[in-house]
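Asker:
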Amino acid sequence: MKYSHIIFDVDGTLLDTARCILVSLQDALKETDGLSVEYDDLVFALGCTSLDVLVRLKVKDPETTLKLWVENEDKYSDMMQLFDGIQNLLEDLKSAGCHLGIATSRTKEEFDLVFRKRPICDMFSTIICACDVDNPKPSPEPLLKYMEVTGASKEDLLYVGDSPGDEKCASAAHVDFALATWGAHTTGVPAKYYPENPAQLKELIINKSK
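Residues in the sequence shown are numbered from 0 upward in steps of one, following numbering that gives the first Met the number 0.
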(Lines of atoms letter the chains of each structure in order from A; the text may use other names.)
(Lines give C-alpha, C1' and ligand atoms only; values in the text may rest on other atoms or scores of the structure.)
Protein backbone atom coordinates (compact mmCIF):
# COMPACT_ATOMS: atom_id res chain seq x y z
CA MET A 0 0.00 0.00 0.00
CA LYS A 1 1.09 3.55 -0.69
CA TYR A 2 -0.24 4.91 2.62
CA SER A 3 0.47 3.33 5.99
CA HIS A 4 -1.26 6.07 8.02
CA ILE A 5 -4.85 7.08 7.27
CA ILE A 6 -5.93 10.21 9.18
CA PHE A 7 -9.59 11.16 9.43
CA ASP A 8 -11.54 14.28 10.22
CA VAL A 9 -14.55 13.52 12.46
CA ASP A 10 -17.54 15.68 11.57
CA GLY A 11 -18.82 15.05 8.06
CA THR A 12 -16.27 12.30 7.51
CA LEU A 13 -16.69 9.61 10.17
CA LEU A 14 -19.84 10.96 11.79
CA ASP A 15 -22.90 12.52 10.18
CA THR A 16 -23.15 15.38 12.67
CA ALA A 17 -24.18 18.38 10.56
CA ARG A 18 -27.80 18.58 11.65
CA CYS A 19 -26.95 18.10 15.33
CA ILE A 20 -24.21 20.75 15.22
CA LEU A 21 -26.32 23.38 13.49
CA VAL A 22 -29.56 22.81 15.38
CA SER A 23 -27.59 22.94 18.64
CA LEU A 24 -25.97 26.19 17.54
CA GLN A 25 -29.31 27.68 16.49
CA ASP A 26 -30.77 26.98 19.92
CA ALA A 27 -27.71 28.36 21.72
CA LEU A 28 -27.73 31.60 19.71
CA LYS A 29 -31.41 32.14 20.37
CA GLU A 30 -31.06 31.58 24.10
CA THR A 31 -27.90 33.61 24.72
CA ASP A 32 -28.18 36.41 22.15
CA GLY A 33 -31.79 36.31 21.02
CA LEU A 34 -30.63 35.55 17.47
CA SER A 35 -32.79 33.57 15.06
CA VAL A 36 -30.38 32.41 12.35
CA GLU A 37 -31.53 30.28 9.43
CA TYR A 38 -30.07 26.78 9.24
CA ASP A 39 -28.53 27.37 5.79
CA ASP A 40 -26.82 30.53 7.05
CA LEU A 41 -24.90 28.47 9.61
CA VAL A 42 -23.52 25.83 7.24
CA PHE A 43 -20.24 27.77 7.18
CA ALA A 44 -19.72 26.53 10.76
CA LEU A 45 -19.08 22.97 9.59
CA GLY A 46 -15.33 22.38 9.61
CA CYS A 47 -14.47 25.50 11.65
CA THR A 48 -13.43 25.63 15.28
CA SER A 49 -16.26 26.56 17.62
CA LEU A 50 -14.51 29.74 18.72
CA ASP A 51 -14.01 30.90 15.12
CA VAL A 52 -17.72 30.38 14.48
CA LEU A 53 -18.80 32.39 17.50
CA VAL A 54 -16.36 35.21 16.73
CA ARG A 55 -17.71 35.41 13.20
CA LEU A 56 -21.27 35.53 14.55
CA LYS A 57 -20.23 38.31 16.98
CA VAL A 58 -21.93 36.76 20.00
CA LYS A 59 -21.84 38.78 23.20
CA ASP A 60 -20.38 36.07 25.43
CA PRO A 61 -18.60 33.35 23.42
CA GLU A 62 -17.74 31.28 26.49
CA THR A 63 -21.36 31.04 27.66
CA THR A 64 -22.67 30.40 24.15
CA LEU A 65 -20.06 27.69 23.56
CA LYS A 66 -20.97 25.96 26.82
CA LEU A 67 -24.64 25.89 25.85
CA TRP A 68 -23.81 24.77 22.29
CA VAL A 69 -21.87 21.78 23.64
CA GLU A 70 -24.67 20.95 26.09
CA ASN A 71 -27.16 21.05 23.23
CA GLU A 72 -25.05 18.65 21.17
CA ASP A 73 -25.20 16.23 24.08
CA LYS A 74 -28.98 16.73 24.28
CA TYR A 75 -29.42 16.12 20.54
CA SER A 76 -26.74 13.43 20.27
CA ASP A 77 -29.22 10.92 18.87
CA MET A 78 -29.04 12.97 15.64
CA MET A 79 -25.40 11.89 15.22
CA GLN A 80 -24.70 8.64 13.42
CA LEU A 81 -21.73 6.93 11.81
CA PHE A 82 -21.90 7.19 8.04
CA ASP A 83 -22.88 3.90 6.42
CA GLY A 84 -19.83 1.76 5.77
CA ILE A 85 -17.44 3.58 8.13
CA GLN A 86 -17.07 0.77 10.64
CA ASN A 87 -16.36 -1.79 7.91
CA LEU A 88 -13.86 0.60 6.32
CA LEU A 89 -11.94 1.05 9.57
CA GLU A 90 -11.93 -2.67 10.34
CA ASP A 91 -10.61 -3.49 6.87
CA LEU A 92 -7.92 -0.80 7.03
CA LYS A 93 -6.75 -2.10 10.41
CA SER A 94 -6.70 -5.66 9.08
CA ALA A 95 -4.57 -4.46 6.15
CA GLY A 96 -2.01 -3.02 8.59
CA CYS A 97 -2.88 0.67 8.37
CA HIS A 98 -2.37 2.98 11.33
CA LEU A 99 -5.52 5.04 11.94
CA GLY A 100 -5.51 8.57 13.30
CA ILE A 101 -7.77 11.58 13.78
CA ALA A 102 -7.16 15.30 13.22
CA THR A 103 -10.21 17.33 14.24
CA SER A 104 -11.18 20.96 14.83
CA ARG A 105 -13.00 19.91 17.98
CA THR A 106 -11.47 20.53 21.39
CA LYS A 107 -10.77 17.46 23.52
CA GLU A 108 -13.94 18.12 25.53
CA GLU A 109 -16.05 18.36 22.37
CA PHE A 110 -14.37 15.28 20.88
CA ASP A 111 -14.95 13.22 24.00
CA LEU A 112 -18.61 14.22 24.02
CA VAL A 113 -19.40 13.00 20.51
CA PHE A 114 -16.80 10.28 19.91
CA ARG A 115 -15.07 8.86 22.96
CA LYS A 116 -17.87 6.43 23.88
CA ARG A 117 -18.24 5.04 20.35
CA PRO A 118 -16.73 1.57 19.86
CA ILE A 119 -14.69 2.68 16.84
CA CYS A 120 -12.75 5.18 18.97
CA ASP A 121 -10.41 2.40 20.12
CA MET A 122 -9.35 1.81 16.51
CA PHE A 123 -7.47 5.12 16.42
CA SER A 124 -3.98 5.13 17.88
CA THR A 125 -3.30 8.88 17.59
CA ILE A 126 -5.86 11.67 18.06
CA ILE A 127 -5.01 15.33 17.47
CA CYS A 128 -7.61 17.82 18.71
CA ALA A 129 -7.69 21.59 18.23
CA CYS A 130 -6.30 22.14 21.72
CA ASP A 131 -3.23 20.00 20.95
CA VAL A 132 -1.78 22.64 18.59
CA ASP A 133 -1.32 26.39 18.61
CA ASN A 134 -3.11 26.79 15.29
CA PRO A 135 -5.85 24.30 14.32
CA LYS A 136 -7.10 23.62 10.79
CA PRO A 137 -6.80 25.04 8.17
CA SER A 138 -3.23 25.39 9.49
CA PRO A 139 -1.03 22.35 8.73
CA GLU A 140 -0.14 22.05 12.42
CA PRO A 141 -2.53 19.16 13.24
CA LEU A 142 -0.96 16.93 10.58
CA LEU A 143 2.54 18.12 11.42
CA LYS A 144 1.82 17.28 15.06
CA TYR A 145 0.61 13.84 14.01
CA MET A 146 3.87 13.25 12.15
CA GLU A 147 5.85 14.47 15.14
CA VAL A 148 4.03 12.12 17.52
CA THR A 149 4.09 9.04 15.28
CA GLY A 150 7.37 9.51 13.42
CA ALA A 151 5.54 9.01 10.11
CA SER A 152 6.62 10.95 7.02
CA LYS A 153 4.28 13.00 4.86
CA GLU A 154 4.50 10.35 2.13
CA ASP A 155 3.07 7.80 4.57
CA LEU A 156 -0.07 9.84 5.22
CA LEU A 157 -3.46 10.19 3.56
CA TYR A 158 -5.81 12.70 5.16
CA VAL A 159 -9.54 12.16 4.69
CA GLY A 160 -11.88 15.10 5.27
CA ASP A 161 -14.97 16.85 3.98
CA SER A 162 -14.23 20.58 4.00
CA PRO A 163 -12.02 23.23 2.37
CA GLY A 164 -10.27 23.65 5.71
CA ASP A 165 -9.32 19.98 5.70
CA GLU A 166 -7.89 20.30 2.20
CA LYS A 167 -5.91 23.42 3.11
CA CYS A 168 -4.47 21.66 6.15
CA ALA A 169 -3.36 18.69 4.05
CA SER A 170 -2.00 20.83 1.22
CA ALA A 171 0.06 23.02 3.55
CA ALA A 172 1.47 19.90 5.24
CA HIS A 173 2.24 18.38 1.78
CA VAL A 174 0.02 15.40 2.58
CA ASP A 175 -2.27 13.72 0.02
CA PHE A 176 -5.96 14.47 0.56
CA ALA A 177 -9.15 12.48 -0.08
CA LEU A 178 -12.44 14.39 -0.07
CA ALA A 179 -15.16 12.43 1.71
CA THR A 180 -17.83 13.38 -0.78
CA TRP A 181 -20.42 11.42 1.22
CA GLY A 182 -20.32 14.16 3.88
CA ALA A 183 -19.01 17.22 2.03
CA HIS A 184 -21.19 20.35 1.94
CA THR A 185 -18.89 22.28 -0.41
CA THR A 186 -18.17 21.56 -4.06
CA GLY A 187 -14.99 22.33 -5.97
CA VAL A 188 -12.61 21.31 -3.18
CA PRO A 189 -9.23 20.18 -4.66
CA ALA A 190 -8.25 16.62 -3.76
CA LYS A 191 -6.18 13.71 -4.98
CA TYR A 192 -9.12 11.36 -4.52
CA TYR A 193 -12.90 11.83 -4.52
CA PRO A 194 -14.39 8.65 -3.03
CA GLU A 195 -18.18 8.61 -3.13
CA ASN A 196 -18.52 6.27 -0.16
CA PRO A 197 -16.32 4.51 2.43
CA ALA A 198 -16.18 1.31 0.37
CA GLN A 199 -14.71 3.24 -2.55
CA LEU A 200 -12.13 4.81 -0.23
CA LYS A 201 -11.12 1.35 0.97
CA GLU A 202 -10.66 0.25 -2.62
CA LEU A 203 -8.44 3.27 -3.34
CA ILE A 204 -6.28 2.71 -0.28
CA ILE A 205 -5.93 -1.07 -0.18
CA ASN A 206 -6.09 -2.08 -3.83
CA LYS A 207 -5.19 0.93 -5.93
CA SER A 208 -2.78 3.07 -3.89
CA LYS A 209 0.34 1.11 -4.77
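We treat Cβ as the ideally placed atom computed from N, Cα and C, and that holds for glycine.
First and last residue of the beta strand (DSSP E) that includes residue 164?
Answerer: Where residue 164 is concerned, there is no enclosing beta strand (DSSP E), although the alpha helix (DSSP H) it sits in stretches over 163-171.
Asker: Any idea what DSSP makes of residue 209, helix, strand or coil?
Answerer: Low per-residue confidence applies at residue 209: pLDDT is 47, beneath 50, and the placement is therefore not dependable, though the value from the model is reported in the following sentence. Coil.
Asker: Using 8 Å as the cut-off, can you tell me whether the segment 112-128 makes contact with the segment 59-74, which would need three or more C-beta pairs spanning the two stretches below that distance?
Answerer: A contact exists between the segment 112-128 and the segment 59-74.
Asker: Taking Cβ to Cβ, would you say residue 82 is nearer than 8 Å to residue 182?
Answerer: yes
Asker: Buried or exposed for residue 158, going by 16 or more other Cβ atoms inside 10 Å?
Answerer: buried
Asker: Can you tell me whether residue 162 is buried or exposed, with buried defined as 16 or more other CB within 10 angstroms of its CB?
Answerer: Flag for residue 162 reads buried.
Asker: Taking DSSP as the reference, what is the three-state secondary structure of residue 123?
Answerer: coil
Asker: Which value, in whole angstroms, describes the spacing of the CA atoms of residue 139 and residue 151?
Answerer: It is roughly 15 Å from the alpha-carbon of residue 139 to the alpha-carbon of residue 151.
Asker: I'd like to check one pair, residue 84 with residue 197: are the Cβ atoms closer than 8 Å?
Answerer: yes
Asker: Three-state secondary structure (DSSP) at residue 151?
Answerer: coil
Asker: Can the beta-carbon of residue 120 be found closer than 8 Å to that of residue 5?
Answerer: no
Asker: Are there three or more Cβ pairs, one per stretch, closer than 8 Å when the segment 130-145 is compared with the segment 89-104?
Answerer: Yes: at least three Cβ pairs fall under 8 Å.
Asker: Are the segment 42-62 and the segment 89-96 touching, with three or more C-beta to C-beta distances below 8 Å?
Answerer: no
Asker: How many angstroms separate the CA atom of residue 29 from the CA atom of residue 94?
Answerer: 47 Å
Asker: Could you check how far apart the C-beta atoms of residue 174 and residue 201 are, in whole angstroms? I think they sit under 8 Å.
Answerer: Not confirmed; about 19 Å, so no contact.
Asker: Is the beta carbon of residue 20 less than 8 Å from the beta carbon of residue 32?
Answerer: no
Asker: Where does the unbroken alpha helix (DSSP H) through residue 83 begin, and where does it stop?
Answerer: It is not in any alpha helix (DSSP H) - residue 83 carries neither H nor E in the DSSP assignment.
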